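Which chain is which? The protein sequence lines are A and D, in order.
Going by the numbering used here, the residue at position 307 of the first sequence is 290; the numbering climbs one at a time, nothing skipped.
Going by the numbering used here, the residue at position 6 of the second sequence is 428; the numbering climbs one at a time, nothing skipped.
Even glycine gets a Cβ: it sits at the ideal position worked out from N, Cα and C.
All values reported here derive from a predicted model rather than from experimental measurement.
Beneath this line is the structure, given in structure tokens, with notes to follow.
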Amino acid sequence: MRPTSLPEDTAQPRIPRRYQRPRSPISWLGVILGLVVGVGGGLFYTWVLNPVVEFDTQPWQLNAEDRQQYIVAIMLDYGYTSDLARAMERLGTLRPQQDPIQEVADIACALSTSGYVNNSSGLRAVRAMMRFYQLQNRQGCADQIVLPEDIQPTAVVLIQLPTPTLTPPATKTATPEAIARGTPTPGLFIVPTTPPQSAYEIANIPTFCSQERAGLIEVNVVDFNGQGIPGQRVRVRWDGGESSFATGLKPGRNPGYADFQMEPGLSYILDMPGLSDPSQPLTATSCALENGDRSVISYRVILRPTQ
Amino acid sequence: MRFLISFFVAALIGLGVGLYLGWVQFPVQFIDSPASSLAPGFKDDYILMIAAGYAADNDLNGAFERLRLLEVNDIPLYIQETTERYISNSRSVDDIRLLVNLASGAGRLTPLMEPYQQVTLPGGS
């Protein structure tokens, strides 16, 4: 009779040892995948979806145009204080990739070849930069484009007059007294080449932003006591045109008052022909009103006698 | 189930690590930024430099043009506020005088600033 089971059948099957250990509650594969997904998601959120709000920008992070303007400001400050250490410290905040002084020279070059030097303000800024880098023995193309400020017309011109004819000897004829006056001593005439002082100067040009008086140049010609002077001719010039008008033609306003309406976007230069130097360019740019609306900026130009 | 629990716990930990790295340790470095986003200290420095330039050339338009870079709505008011803050915080007198000079040019001379206004004495400087 056949046994119900063979001896080899009754033996328990061998279970690998790894299955006999207590099972770990942690799935390492899950941990690794979870960490990858978590860190990746966190970085995606913080770098792309919701990055740190930009508000504490350092100068080195500025874009190229604003970086130029920041360097211009440093140079303007240097032009006033002559504090080289401070200027270098400020240039250092821009983390220049090259010699910072040469960078100033390069920017002066770039500005001088652009429209930046078309007004006196930009010209002064470039000259301030030139003074800075020239003192440090650097060079730039601005040296050939922009004349230094201290090149002025020669102070005097010496004119050698021809030797005067000697006075003839006295004759027996009575000489009229008028002729007996001495001949002016010949000599050197000194002719100044600097222009004469202007009779009027621009005291101040404050700006204001108004809805009712948008884009207006308000002119006030005043005397030494601040009283308005009527009938003074004022000229405004712009690209492609000019206009002249007189003060005192606005009833109810100061007798020295006159105004001119600007076209938005244009720049104007104001003067009193033959009596004052031209003003800085007055540009009809946009400005913000207190309620947030936009308007065109207005200027108040005060002209007073030169002191 | 074991896998899912491990995955989600690790994902939460990883998310925390990712947020820390992205916001604190390695935050986004901005370049090509406008001057309007400059840190307040550098904005103060900028307006001070412009004030020095104005003291040298008396070019108010040029100063305003350069301050427009900061994209403030009311430049004269901004000059006034900065100047008064400098005075209130007892900053350098030289700096305050430069700012007061600029504020005066902008028509924003306030009583607080008047003691710092540069005056020219007769026969002196």
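So what does Pro288 of chain A bridge to, in DSSP terms? Indexing the first sequence from 1 puts residue 288 of chain A at position 305. DSSP, once it has assigned bridges, lists A:Tyr183 as partnering Pro288 of chain A.
Could you check which residue in A:Gly235, A:Ala108, A:Gly223 has the C-alpha nearest to that of Ile54 of chain A? Translated into positions along the first sequence, residue 54 of chain A becomes position 71. The shortest C-alpha separation from Ile54 of chain A is found at A:Ala108.
Going by C-alpha to C-alpha distance, which of D:Leu534, D:Ser455, D:Gly475 sits closest to Ser512 of chain D? Indexing the second sequence from 1 puts residue 512 of chain D at position 90. Distances from the CA of Ser512 of chain D to each of D:Leu534, D:Ser455, D:Gly475 were compared; the closest alpha carbon is that of D:Leu534.
Our contact map puts Ala88 of chain A next to Tyr116 of chain A with C-beta atoms below 8 angstroms; I'd like the distance itself, whole angstroms only. Indexing the first sequence from 1 puts residue 88 of chain A at position 105. Indexing the first sequence from 1 puts residue 116 of chain A at position 133. Going by Cβ atoms, the distance from Ala88 of chain A to Tyr116 of chain A rounds to 4 angstroms, so yes, they are a contact pair.
Going by Cα to Cα distance, which pick from A:Ser10, A:Glu184, A:Pro189, A:Thr29 is closest to Gly529 of chain D? Here residue 529 of chain D refers to the residue found at position 107 when the second sequence is read from its first residue. Comparing alpha-carbon positions, the option among A:Ser10, A:Glu184, A:Pro189, A:Thr29 lying closest to Gly529 of chain D turns out to be A:Pro189.
Please confirm whether Asp479 of chain D has its beta-carbon closer than 7 angstroms to some beta-carbon of chain A. For this step, residue 479 of chain D is matched to residue 57 along the second sequence. Yes, Asp479 of chain D counts as interfacial toward chain A.
How close, in whole Å, do the beta carbons of Leu470 of chain D and Tyr476 of chain D come, if the pair is a contact with beta carbons under 8 angstroms? To locate residue 470 of chain D, count along the second sequence from 1; it is residue 48. To locate residue 476 of chain D, count along the second sequence from 1; it is residue 54. For Leu470 of chain D against Tyr476 of chain D, the beta-carbon gap comes to about 11 angstroms, at or over 8 angstroms, which does not count as contact.
Inter-residue CB distance, Leu520 of chain D and Ala474 of chain D (contact presumed, cutoff 8 angstroms): Within the second sequence, residue 520 of chain D is the residue found at index 98, counting from 1. Within the second sequence, residue 474 of chain D is the residue found at index 52, counting from 1. Right, their Cβ atoms sit about 5 angstroms apart.
Residue range of the unbroken alpha helix (DSSP H) whose run includes Val109 of chain A: Here residue 109 of chain A refers to the residue found at position 126 of the first sequence. Unbroken alpha helix (DSSP H) run through Val109 of chain A: 103 to 118.
In the region 222 to 278 of chain A, which residue ranges form an unbroken beta strand (DSSP E) of at least 3 residues, counting only runs that do not cross its ends? Runs found: 224 to 229, 240 to 244, 250 to 254, 269 to 271.
Whole angstroms is fine: what's the gap from Leu26 of chain A's alpha carbon to Leu441 of chain D's? If you number the first sequence from 1, residue 26 of chain A lands on position 43. If you number the second sequence from 1, residue 441 of chain D lands on position 19. So the two alpha carbons sit approximately 6 angstroms from each other.
Coarse secondary structure for Cys124 of chain A, derived from DSSP in three states: In the first sequence, the residue the question calls residue 124 of chain A occupies position 141. In the structure shown, Cys124 of chain A sits in coil (DSSP, three-state: anything other than H, G, I, E or B).
Using a cut-off of 9 angstroms between C-beta atoms, extract the partners of Ser510 of chain D located in chain A. In the second sequence, the residue the question calls residue 510 of chain D occupies position 88. Correct list: empty, because the minimum Cβ distance to chain A is about 22 angstroms.
Quick one, which of A:Tyr28, A:Gly75, A:Pro8, A:Ser7 has its alpha-carbon nearest Leu437 of chain D's? Here residue 437 of chain D refers to the residue found at position 15 when the second sequence is read from its first residue. Scanning A:Tyr28, A:Gly75, A:Pro8, A:Ser7 for the CA closest to the CA of Leu437 of chain D turns up A:Tyr28.
Tell me whether Gln215 of chain A is buried or exposed, calling it buried when 16 or more other Cβ atoms sit within 10 Å of its Cβ. Looking up residue 215 of chain A in the first sequence gives position 232. When all chains shown are included, Gln215 of chain A counts as buried.
So, are the CB atoms of Ile84 of chain A and Ser428 of chain D less than 7 angstroms apart? Here the question's residue 84 of chain A lines up with position 101 in the first sequence. Here the question's residue 428 of chain D lines up with position 6 in the second sequence. 7 angstroms or more divides the Cβ of Ile84 of chain A from the Cβ of Ser428 of chain D.
What number of angstroms, rounded off, separates the C-alpha of Leu460 of chain D from the C-alpha of Asn495 of chain D? As a working mapping, residue 460 of chain D is identified with position 38 in the second sequence. As a working mapping, residue 495 of chain D is identified with position 73 in the second sequence. Taking the straight line from one Cα to the other gives about 16 angstroms.
Quick check: is the beta carbon of Val109 of chain A nearer than 7 angstroms to any beta carbon in chain D? Taking the first sequence and counting its residues from 1, the one referred to as residue 109 of chain A is at position 126. False, the Cβ-Cβ gap to chain D never drops below 7 angstroms.
Quick check on the burial criterion: 16 or more other C-beta atoms within 10 angstroms. Buried or exposed for Thr40 of chain A? Here the question's residue 40 of chain A lines up with position 57 in the first sequence. With a threshold of 16 other beta carbon atoms within 10 Å, Thr40 of chain A meets it and is buried.
Please report the residue range of the beta strand (DSSP E) in which Leu492 of chain D lies. Sequence index remark: in the second sequence, residue 492 of chain D carries index 70 (1-based). Boundaries cannot be given for Leu492 of chain D, as no beta strand (DSSP E) includes it and DSSP labels it neither H nor E.
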